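For the sequence shown, this note's numbering begins at 124 and goes up steadily by one.
Notes follow the structure.
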Amino acid sequence: MRKYVILLLFLSLFICLNADYFVPIEDPVYDFLSMMENLKYLSQSEDIYPGYHADILDKLQKLKDKKLPASYQKLLEYHLERLKNEPSEGTSLAFYPFPKLKESIGEVWQPHSDKKHLATYKKDNSSFFLSGLLGLEYDIKKDNGSELYRKREYYGLDFGGNFYDNFGFRVAFKKGHFNGDNSFIEENPDLSIMGNSFFKDDDTYYEVNLNSQLDYKNKYLNLSAGYGTFGLGNTINSSIILNSTVTPYGYLKYYKKMGNFSYMGLTTQLIPDSLRNETDYKPKSMAIQTLGYTNEFISLTIGNTIIYGDRTLDLAYSTPLALYKIMDNKYHGRDNTSVFAFGKLAPFSGFSLYGNLFLDDLNKERLKTKYWATSLAFQGGVDYNCRSFPLDASFELTGVGPGVYTHKSNNIGYSNLRYSQDDELLGYEYGSNLLTFAGELTFLNKYFNVDVIYENIQQGNLANDPFGEYEKVEFLAESINRYQYLSALLEINYVPELNLSLEYKKDLQLSENYYIFSKIEFKY
124 MRKYVILLLF
134 LSLFICLNAD
144 YFVPIEDPVY
154 DFLSMMENLK
164 YLSQSEDIYP
174 GYHADILDKL
184 QKLKDKKLPA
194 SYQKLLEYHL
204 ERLKNEPSEG
214 TSLAFYPFPK
224 LKESIGEVWQ
234 PHSDKKHLAT
244 YKKDNSSFFL
254 SGLLGLEYDI
264 KKDNGSELYR
274 KREYYGLDFG
284 GNFYDNFGFR
294 VAFKKGHFNG
304 DNSFIEENPD
314 LSIMGNSFFK
324 DDDTYYEVNL
334 NSQLDYKNKY
344 LNLSAGYGTF
354 GLGNTINSSI
364 ILNSTVTPYG
374 YLKYYKKMGN
384 FSYMGLTTQL
394 IPDSLRNETD
404 YKPKSMAIQT
414 LGYTNEFISL
424 TIGNTIIYGD
434 RTLDLAYSTP
444 LALYKIMDNK
454 YHGRDNTSVF
464 AFGKLAPFSG
474 FSLYGNLFLD
484 DLNKERLKTK
494 YWATSLAFQG
504 GVDYNCRSFP
514 LDASFELTGV
524 GPGVYTHKSN
534 NIGYSNLRYS
544 QDDELLGYEY
554 GSNLLTFAGE
564 LTFLNKYFNV
574 DVIYENIQQG
584 NLANDPFGEY
594 EKVEFLAESI
604 NRYQYLSALL
614 EINYVPELNL
624 SLEYKKDLQL
634 SENYYIFSKI
644 EFKY
């Protein structure tokens, strides 16, 4: 009973505070909009995820005036219906009056595109929705002849809405437990931790997931407070700048678009790697700012990031237009500052080039030596879209040099400045001193999506752990470790309330080793 009271209080808190409406990073609408940009039906956009619900709807509305190929037109209509969130006036409950419950259940299994909710409310310019969800995940791992499994059952809530034109909020919450083979379960980085060990009861492991955002919007800025993750830059698998697969963090975000230019500032409170050590708990924070430019053919964003400790929130790093390097000099050079850039060029319809660059402790003199790749990471690719149907092919090359993400963090007394969140790397998830070639094939449909990814990784046996101890190392020197992976993902969305997914991931170096990930989730 107590947990339901807490959820109601949590909902009340969000309604009182007001906020914005984000669209989750994994939503297929992002792939669709990327295709529309490649085909020149939309101008290029910044690759900053997740995006605002109103901005995404605005782009979809603009596409209504375009003459799209039939298959793209069907996808447009599907996403518009699914995301528009236009409830009827007043309060509507799917289960009341009680005879309506049978009708609501029947409607779910009939083909439709508009997303149905457990409860909705609308009055004037304010509207809200509430959905409950139930899910089951079942995974299999074949490892050197042995077969392991893990099963997760979970429940949750997804609710949000808008207060007039300026305020909105969204909260997505899931709680569940795992059973199965302990070693396989413990590979999951999202398991809940209590103290120095996993949160478990006998052989049952627990996991809680939460993403939320509150936002105020006017003609001057978007101001957000939330709990979640962000992704920066276009990529097939993992961004070298900031990836979104880490443990969520609390943040304050401000964003402003001025014509073709935009500015974003982000201040976060990270989970320090020392959290599990009860005798060594040090605060750890991160600040990011970006300045972007977009038009029909190009998008270009530059930015810088800083990791700092020993204080929870530094107003100097939270101030718009503050140059972090100058601030760091005022703090006697004790913090971890990096710069980055990412962008996309679409010279003609259906084809684009993209690139990401991350510079950690750049030294011009070192660029002339054999250690030129130290503290440097780059990522570039080409993207091609078919014009007549939604098929996308992309190829990507990623290079992460030795020492990237470690600027100052390996020095004595600076261990809390690692570019990490809860012991997970904020940058490229495979580590450092590596070269990766990746290819991806994506097909979108109103009822199902298919995604196939191939990765070939060559990684040096030295300095491949960004936080390990090492001397100066040449890029890919000494012996090379090679890894090859092939994954295929099928998502079935026959109706918006029911999501089925099946993913097969194969280790091509070890012929008998593979993973199978399956999920069924019902949200109403």
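Even glycine gets a Cβ: it sits at the ideal position worked out from N, Cα and C.
Predicted model, so just to flag it, every value in this text is computed and none were measured.
- Here phenylalanine 465 is near threonine 424, since their CB atoms are less than 8 Å apart.
- Between the segment 158 to 165 and the segment 372 to 390, the count of Cβ pairs shorter than 8 Å is below three; the stretches do not touch.
- Per the C-alpha coordinates, the member of Gln336, Asn305, Ser335, Asn334 positioned closest to aspartate 325 is Asn305.
- The C-beta of valine 596 has 16 or more other C-beta atoms within 10 Å across all chains shown, which makes the residue buried.
- Rounded to whole angstroms, the gap between the alpha carbons of phenylalanine 512 and lysine 187 is 17 Å.
- Here asparagine 539 has Pro395, Ser397, Lys405, Lys407, Gly432 as same chain residues with Cβ atoms under 7 Å from its own Cβ, once five neighbours each way along the sequence are excluded.
- Per the Cβ contact rule, the segment 338 to 352 is not in contact with the segment 575 to 583 (fewer than 3 Cβ pairs under 8 Å).
- Leucine 558 and asparagine 459 have their C-alpha atoms spaced approximately 25 Å apart.
- In the three-state DSSP reduction, serine 602 falls in the coil class, being neither helix nor strand.
- Note that the C-beta distance between tyrosine 647 and alanine 177 is not below 8 Å.
- Scanning its chain for C-beta atoms nearer than 6 Å, with the 5 sequence neighbours on each side dropped, one finds around lysine 642 the residues Glu260, Ser624, in chain order.
- Scanning Tyr638, Glu644, Leu599 for the CA closest to the CA of serine 269 turns up Tyr638.
- The Cβ atoms of tyrosine 416 and glutamine 392 lie no closer than 8 Å to each other.
- Per DSSP, asparagine 334 is one residue of the beta strand (DSSP E) stretching across 327 to 340.
- Nearest neighbour of lysine 264 by Cα position, chosen from Lys182, Phe471, Val505, Glu309, turns out to be Glu309.
- Straight-line measurement puts the Cα of threonine 521 at about 16 Å from the Cα of proline 589.
- Membership of histidine 202 in any beta strand (DSSP E) is not indicated; the residue belongs instead to the alpha helix (DSSP H) covering 193 to 206.
- Counting the other CB atoms within 10 Å of its CB gives leucine 198 a total of 16 or more, which places it among the buried residues.
- Between lysine 245 and proline 210, the C-beta spacing is below 8 Å.
- Excluding five sequence positions before and after alanine 500, the CB atoms of its chain that fall closer than 6 Å to its own CB belong to Ile363, Phe481, Val523, Val527, given in chain order.
- For leucine 253 against histidine 240, the beta-carbon gap comes to about 6 Å, under 8 Å, which counts as contact.
- Straight across, the Cα-Cα distance linking isoleucine 421 with lysine 467 is about 6 Å.
- Under the three-state reduction of DSSP, serine 555 is assigned to coil, being neither helix nor strand.
- Around the C-beta of valine 505, fewer than 16 other C-beta atoms lie within 10 Å, and the residue is accordingly described as exposed.
- Taking the CA atoms as reference points, asparagine 366 sits about 39 Å from serine 215.
- Taking asparagine 584 as the centre and dropping the five residues before and after it, the same chain places the C-beta of Glu601, Ser602, Ile603, Asn604 closer than 8 Å to its C-beta, in chain order.
- Along the segment 602 to 632, the beta strand (DSSP E) occurs as fully enclosed runs of 3 or more residues at 603 to 618, 621 to 630, listed in sequence order.
- Between asparagine 572 and glutamate 614, the CB-CB gap stays under 8 Å.
- The C-alpha of serine 441 is placed about 13 Å away from the C-alpha of asparagine 427.
- Counting only runs that start and end inside the segment 441 to 480, the alpha helix (DSSP H) elements of at least 4 residues fall at 447 to 453.
- Only buried fits lysine 182, as 16 or more other CB atoms lie within 10 angstroms of its CB.
- Separation of phenylalanine 286 and lysine 207 (C-alpha to C-alpha, rounded to the nearest whole angstrom) is 16 Å.
- With a beta-carbon spacing of about 5 Å, asparagine 289 and lysine 340 fall inside the 8 Å limit used to define contacts.
- Ranked by Cα distance from leucine 436, the options Ala410, Asn418, Leu446 are led by Ala410.
- The DSSP assignment places complete beta strand (DSSP E) segments of no fewer than 3 residues inside the segment 253 to 299 at 269 to 286, in order along the chain.
- For tyrosine 494, no alpha helix (DSSP H) run applies, since DSSP gives it neither H nor E.
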